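Engineer: So the protein sequences, as listed, match chains A and B.
Note that our numbering has the first sequence beginning at 2, numbered continuously upward.
Note that our numbering has the second sequence beginning at 39, numbered continuously upward.
I have a structure here, written as structure tokens, and I will follow up with some questions on it.
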Amino acid sequence: EAQVTQNPRYLITVTGKKLTVTCSQNMNHEYMSWYRQDPGLGLRQIYYSMNVEVTDKGDVPEGYKVSRKEKRNFPLILESPSPNQTSLYFCASSLYGEGGEAFFGQGTRLTVV
Amino acid sequence: GQNIDQPTEMTATEGAIVQINCTYQTSGFNGLFWYQQHAGEAPTFLSYNVLDGLEEKGRFSSFLSRSKGYSYLLLKELQMKDSASYLCAVRDRDQGGKLIFGQGTELSVKP
Numbered sequence: 002e003a004q005v006t007q008n009p010r011y012l013i014t015v016t017g018k019k020l021t022v023t024c025s026q027n028m029n030h031e032y033m034s035w036y037r038q039d040p041g042l043g044l045r046q047i048y049y050s051m052n053v054e055v056t057d058k059g060d061v062p063e064g065y066k067v068s069r070k071e072k073r074n075f076p077l078i079l080e081s082p083s084p085n086q087t088s089l090y091f092c093a094s095s096l097y098g099e100g101g102e103a104f105f106g107q108g109t110r111l112t113v114v
Numbered sequence: 039g040q041n042i043d044q045p046t047e048m049t050a051t052e053g054a055i056v057q058i059n060c061t062y063q064t065s066g067f068n069g070l071f072w073y074q075q076h077a078g079e080a081p082t083f084l085s086y087n088v089l090d091g092l093e094e095k096g097r098f099s100s101f102l103s104r105s106k107g108y109s110y111l112l113l114k115e116l117q118m119k120d121s122a123s124y125l126c127a128v129r130d131r132d133q134g135g136k137l138i139f140g141q142g143t144e145l146s147v148k149p
């Protein structure tokens, strides 16, 4: 079954404690991205990757890091989380180029206290 | 610049038809997508338009006019389960194929 898998689904953490949200896709997609979704602000892109070892900033990259060492995995790293990073996070993957709808992971609800 | 506008919320009656509009401005248009998102869940793909015209898929249809920067999603024979947020998204080739999302239209279907 084609899918994007994110973990964990829910996470409560404290300010400053490094965390990683994993994302894996089994569709051999080149393009992967991370979004955060906040009330009234919609989905905003944090980082994206067009292929292995190719990553770039999205609209709201501050406070986040990513890596793309393998095609299937695209982890999101918060080195020092702060309360303003409390949000609902989605990973997505798609074929690069024409067409290619994005497939989304189940979401990670992160609370930073 | 880039901008996507859609109404914040709409209400419709079960069994009726509703049209959700989306207008966009983007430099490197490379397709428009509609997604459905239930509260707290992941967006799921509904439709894709890259050429002008209407795409029909069961109860859902989507229309695109590239010259007007305009699309709509038409939902027929509304069901209670159609209550959700509907997201319009445009792919921009000038930004590495990035998907730019509107803020979504919250649709409430009433009995």
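Where is the CB? At the ideal position from N, CA and C, for every residue including glycine.
All values reported here derive from a predicted model rather than from experimental measurement.
By the criterion of Cβ-Cβ separation under 7 Å, what are the contact partners of residue 81 of chain B in chain A?
Structural biologist: Counted from its first residue, the second sequence places residue 81 of chain B at position 43. Within 7 Å Cβ-Cβ: 105.
Engineer: Report yes or no: is there a C-beta of chain B within less than 7 Å of the C-beta of residue 108 of chain A?
Structural biologist: Indexing the first sequence from 1 puts residue 108 of chain A at position 107. So, interface residue.
Engineer: Step through the CB atoms of chain A and report whether any lies within less than 7 Å of the CB of residue 116 of chain B.
Structural biologist: Residue 116 of chain B sits at position 78 when you count from the first residue of the second sequence. Not one chain A Cβ lies under 7 Å of residue 116 of chain B.
Engineer: With 16 other CB atoms within 10 Å as the buried threshold, where does residue 92 of chain B fall?
Structural biologist: Counting from one through the second sequence, the residue named residue 92 of chain B turns up at place 54. Exposed, since its Cβ has fewer than 16 Cβ neighbours within 10 Å.
Engineer: Could you tell me whether the Cβ of residue 111 of chain A comes closer than 7 Å to any Cβ of chain B?
Structural biologist: Along the first sequence, read from residue 1 onward, the residue named residue 111 of chain A stands at position 110. Not closer than 7 Å to any Cβ of chain B, the Cβ of residue 111 of chain A fails to qualify, so no.
Engineer: Assign residue 43 of chain B to one of two classes, buried (16 or more other C-beta atoms within 10 Å of its C-beta) or exposed (fewer than that).
Structural biologist: Within the second sequence, numbered from 1, the residue matching residue 43 of chain B stands at position 5. It counts as exposed.
Engineer: Would residue 109 of chain A be called buried (16 or more neighbouring beta carbons within 10 Å of its own) or exposed?
Structural biologist: Translated into the one-based positions of the first sequence, residue 109 of chain A becomes position 108. So residue 109 of chain A counts as buried.
Engineer: Is the separation between the beta-carbon of residue 93 of chain A and that of residue 34 of chain A shorter than 7 Å?
Structural biologist: In the first sequence, counting from the first residue as 1, residue 93 of chain A sits at position 92. In the first sequence, counting from the first residue as 1, residue 34 of chain A sits at position 33. Closer than 7 Å, so yes.
Engineer: Given a threshold of 16 other Cβ atoms within 10 Å of its Cβ, counted over all protein chains shown, does residue 39 of chain B qualify as buried or as exposed?
Structural biologist: Reading the second sequence from its first residue, position 1 is the one you call residue 39 of chain B. Residue confidence is low: residue 39 of chain B scores 49 on pLDDT, short of 50, so the model does not pin down where it sits. No coordinate-derived value is stated.
Engineer: Could you tell me whether the Cβ atoms of residue 74 of chain B and residue 122 of chain B are closer together than 7 Å?
Structural biologist: Taking the first residue of the second sequence as position 1, residue 74 of chain B is located at position 36. Taking the first residue of the second sequence as position 1, residue 122 of chain B is located at position 84. In this structure, residue 122 of chain B lies closer than 7 Å to residue 74 of chain B by Cβ.
Engineer: Output the boundary residues of the beta strand (DSSP E) element that contains residue 6 of chain A.
Structural biologist: For the purposes of this step, residue 6 of chain A is taken as the residue at position 5 of the first sequence. From DSSP, the beta strand (DSSP E) with residue 6 of chain A extends over 5–8.
Engineer: Just how far apart, CA to CA, sit residue 101 of chain B and residue 72 of chain B?
Structural biologist: Numbered from 1 along the second sequence, position 63 holds the residue referred to as residue 101 of chain B. Numbered from 1 along the second sequence, position 34 holds the residue referred to as residue 72 of chain B. Using only the alpha carbons, I get a separation of about 10 Å.
Engineer: Looking only at its chain, what residues have a beta carbon closer than 6 Å to the beta carbon of residue 59 of chain A, apart from the 5 residues adjacent to it on each side?
Structural biologist: For this step, residue 59 of chain A is matched to residue 58 along the first sequence. Taken in chain order, the residues that qualify are 46, 47, 48 and 49.
Engineer: Apply the 10 Å Cβ neighbour rule to residue 38 of chain A and answer buried if 16 or more other Cβ atoms are within range, or exposed otherwise.
Structural biologist: Position 37 of the first sequence holds residue 38 of chain A. Under this definition residue 38 of chain A is a buried residue.
Engineer: If the cut is a Cβ gap below 8 Å, which residues of chain A does residue 134 of chain B touch?
Structural biologist: On the second sequence, position 96 is the one that residue 134 of chain B refers to. Result: 49, 51 and 57.
Engineer: Can you tell me where the beta strand (DSSP E) holding residue 77 of chain A begins and where it ends?
Structural biologist: Start at 1 with the first residue of the first sequence, and residue 77 of chain A comes out as number 76. Start and end: 77–79.
Engineer: Report back the beta-carbon spacing between residue 44 of chain A and residue 32 of chain A to the nearest angstrom; my notes put them in contact at under 8 Å.
Structural biologist: Numbered from its first residue, the first sequence carries residue 44 of chain A at position 43. Numbered from its first residue, the first sequence carries residue 32 of chain A at position 31. About 15 Å; that fails the 8 Å criterion.
Engineer: If we ignore side chains and look at the alpha-carbon of each, how far apart do residue 112 of chain A and residue 11 of chain A end up?
Structural biologist: For this step, residue 112 of chain A is matched to residue 111 along the first sequence. For this step, residue 11 of chain A is matched to residue 10 along the first sequence. Residue 112 of chain A and residue 11 of chain A: Cα-Cα distance of roughly 8 Å.
Engineer: Within the same chain, show all residues whose beta-carbon is closer than 6 Å to that of residue 131 of chain B, passing over the 5 residues directly before and after it, in chain order.
Structural biologist: Locating residue 131 of chain B in the second sequence gives position 93, counting from the first residue. Here the set comprises 66 and 68.
Engineer: Distance cutoff 7 Å, beta carbons only. Does residue 39 of chain B sit that close to anything in chain A?
Structural biologist: Counting from 1 along the second sequence, the entry for residue 39 of chain B is found at position 1. Confidence at residue 39 of chain B is low in this model, with a pLDDT of 49, below 50, so the placement of that residue should be treated as unreliable; the coordinate-derived value is given next. Chain A contact via Cβ: absent.
Engineer: Strictly under 7 Å for the Cβ-Cβ distance: is residue 44 of chain A near chain B by that measure?
Structural biologist: As a working mapping, residue 44 of chain A is identified with position 43 in the first sequence. Cβ-Cβ to chain B under 7 Å: yes for residue 44 of chain A.
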